[in-house]
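Undergrad: First, the structure itself, so that you have it in front of you.
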Amino acid sequence: MDKFIITGPTALRGEISISGSKNAALPLMAAALLGETPSTLTLIPRLKDILTFSEVIRETGTAIDFMEQNNSMLIDPSTLSRNEAPYELVRRMRASFYMLGALLGRSGNARISLPGGCAWGPRPVDLHLKGFESMGVKIDLDTGYVSAALPSETLEGGEFTLNPSSVGATVNLILGAVKRTRRFVLKNAAREPDVVLLCRMLVKMGADIEGIGTGTLVIRKVDKLDGVTFSNDPDRIETGTYMIAAAMHPDSEITLTGCKPEDLGEFPGWFIKTGAELEIIGSTIRVKAPEVIRPVSVKTKIYPGFPTDLQAQWATLMTQAEGSSTVTDSVYFDRFSYVPELNRLGGKLRVKNNSVTIDGRSRLQGAAVMSTDLRASVSLVNAAMCAHGQSEILRVYHLDRGYEQLEKKLNRAGASILRVKD
Ligand code: EPZ
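Take any residue in the sequence shown, count from 1 to its spot, add 11: that is its number in this note's numbering.
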């Protein structure tokens with residue numbers, strides 16, 4: 012298991028390019044299975060989660076070719092012959108559960124392992140299963156697997172309301188409905204850009220989806236979907252992560268290229284309250300760190316609210332603010348595994364229920380810390396880059412799941428990160 016040795020404090024200066032979105036790419040890969048002909052996806056990031064999902068898809072007999080050197084992927088589902096996703100793969104990446112919707116949509120049946128938990132909680136899939144049952148799918152659970160089948164070629168569909176709104180359940184139900192339900196209405200659907208992009212790809216393939224980008228989707232069955240060439244979006248969470256990193260050291264000034272600023276929702280509005288300077292020109296975002304970081308309390312919400320995937324990064328920034336602040340996660344109630352690690356670096360954070368209070372400004376001191384999940388890990392990198400002395404970040408495989416060429420991008424901008432094969 013690799014570790015990072017990071018020497019700080021270092022300012023970030025120069026350019027950082029943004030890669031394709033992990034959370035948008037996974038649904039696009041699943042959607043390609045619904046096509047009668049091959050699909051080509053571009054701006055697909057070279058990440059562990061993408062490789063894992065490729066293995067899950069390959070397990071069905073589908074041909075998938077990832078041309079990593081130019082971030083493009085060819086998926087040819089014409090040889091798809093097994094409607095299964097086994098536990099040993101699904102447990103490694105919970106979004107593999109999207110195979111349920113994709114295989115129901117394509118073949119009318121599926122046997123998918125239930126995903127395990129994750130670093131910070133159970134992360135249930137009850138809404139996925141209830142949603143499929145509501146559209147008429149027969150669902151059986153046995154020995155940790157979901158066996159699902161359509162009682163007929165075409166389902167009536169009906170209406171289902173997500174409570175809470177769920178990105179994964181929205182993606183899964185769309186994938187299952189586009190070729191199968193006469194008319195399916197999904198209410199309180201997630202409006203994340205990842206969902207909008209999936210709908211746009213499916214419509215380009217020939218799907219009939221109304222209400223794209225709103226909380227109510229109306230899906231009417233089409234008999235055939237064709238493969239397409241389709242581009243993924245830039246990663247909005249990677250963008251927000253580097254914006255926050257650039258605000259932590261007073262001498263930092265960076266230009267992010269290849270962004271999609273309109274996908275950031277309300278985040279920029281919160282970001283400038285810290286005193287950071289922000290200039291958005293087309294797909295370029297320039298950030299200049301404030302002399303003094305103002306404490307800003309935030310509460311995460313579903314899109315377009317403050318993203319839960321930037322919660323840990325924000326709390327880390329607040330360790331450098333001149334005063335106290337509170338970060339509340341209303342999406343996941345226990346996503347604070349990074350807190351004890353940040354405190355080891357000299358942070359003063361206290362968790363109570365689904366909030367963490369941060370006393371700034373604390374002088375961070377290098378130490379050995381443990382990565383626990385993707386966004387917690389990158390927060391420790393951000394902290395170590397402005398801590399005094401040397402830090403060791405263990406288990407960086409968590410980072411390799413979601414941040415393409417992280418140390419290369421940051422070192423090019425002035426960081427001092429050494430990856431050591433452990
Ligand atoms: C997606 O996870 C993202 N993952 C997560 O990003 C992100 O944190 C999350 O959406 C919220 O934005 C991918 O896109 C691959 P949810 P997902 O279903 O779909 C509850 C990262 O770091 N819920 O929107 O699993 C759930 O417990 C990852 O890149 C149910 O109760 O999240 C949570 O409280 C981490 N029952 C809330 O909904 C269900 O059946 C939102 O979860 C499903 C969800």
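Every residue gets a Cβ at the ideal spot worked out from N, C-alpha and C, and that includes glycine.
Here the structure is a predicted model, which means the values were calculated and not measured.
Rank THR21, MET12 and ILE16 by C-alpha distance to the C-alpha of ALA256 and give the top, closest one.
TA: Checking every option, the nearest Cα to that of ALA256 belongs to THR21.
Undergrad: How many whole angstroms separate the CB atoms of ASN243 and ALA41, which I take to be in contact at a CB cut-off of 8 Å?
TA: 13 Å between Cβ atoms; not a contact.
Undergrad: What number of angstroms, rounded off, separates the C-alpha of ILE16 from the C-alpha of ASN82?
TA: If you take the alpha carbons of ILE16 and ASN82, they lie about 28 Å apart.
Undergrad: Flag SER366 as yes when its Cβ comes closer than 7 Å to any non-hydrogen atom of the ligand EPZ, and as no otherwise.
TA: No, Cβ of SER366 sits at least 7 Å from all heavy atoms of the ligand EPZ.
Undergrad: Run through DSSP, which three-state label would VAL206 get?
TA: Three-state DSSP puts VAL206 in a helix.
Undergrad: Given a cut-off of 8 Å on the beta-carbon distance, is the pair VAL67 and SER107 in contact?
TA: In contact: VAL67 and SER107 (Cβ atoms closer than 8 Å).
Undergrad: Kindly indicate which three-state DSSP category MET12 falls into: helix, strand or coil?
TA: In the structure shown, MET12 sits in coil (DSSP, three-state: anything other than H, G, I, E or B).
Undergrad: Spatial neighbours of VAL309 within its chain, please: C-beta separation below 7 Å, excluding the five flanking residues on both sides.
TA: Only TRP281, PHE317, TRP325 and VAL338 meet the Cβ criterion.
Undergrad: Alpha carbon to alpha carbon, how far is GLY224 from PRO315?
TA: Answer to the nearest angstrom: the Cα atoms are 11 Å apart.
Undergrad: Where do the ends of the beta strand (DSSP E) carrying VAL229 lie?
TA: Per DSSP, VAL229 belongs to the beta strand (DSSP E) from 227-231.
Undergrad: For THR165, does the count of other Cβ atoms within 10 angstroms reach 16, so buried, or fall short, so exposed?
TA: Label assigned to THR165: exposed.
Undergrad: Excluding the 5 residues flanking ILE86 on each side, which residues of the same chain have their C-beta closer than 6 Å to its C-beta?
TA: Same-chain partners within the cutoff: ALA43, SER50 and ILE75.
Undergrad: Let's test the definition: count the other Cβ atoms within 10 Å of the Cβ of LYS33 and tell me whether it reaches 16, buried, or not, exposed.
TA: Flag for LYS33 reads buried.
Undergrad: Given this structure, state the Cα-to-Cα distance separating VAL298 from VAL342, to the nearest angstrom.
TA: Approximately 28 Å, taken between the alpha carbons.
Undergrad: Under DSSP, the beta strand (DSSP E) around MET288 begins and ends at which residues?
TA: The question names Met, but residue 288 in the sequence shown is Glu. Here the beta strand (DSSP E) through GLU288 covers 288-292.
Undergrad: Among GLU352, MET104, GLN80 and THR48, which has the Cα closest to the Cα of ALA379?
TA: Minimum Cα distance to ALA379 is reached at GLU352.
Undergrad: Give me, in chain order, the residues of the same chain whose beta-carbon lies closer than 8 Å to that of SER294; leave out the 5 immediate sequence neighbours on both sides.
TA: Counting only Cβ-Cβ distances below 8 Å, and skipping sequence neighbours, we find PRO245, THR268, GLY269, CYS270, LYS271 and PRO272.
Undergrad: Please return the same chain residues whose Cβ sits closer than 6 Å to the Cβ of LEU208, not counting the five positions on each side in sequence.
TA: The answer, listed in chain order, is ALA35 and ASP244.
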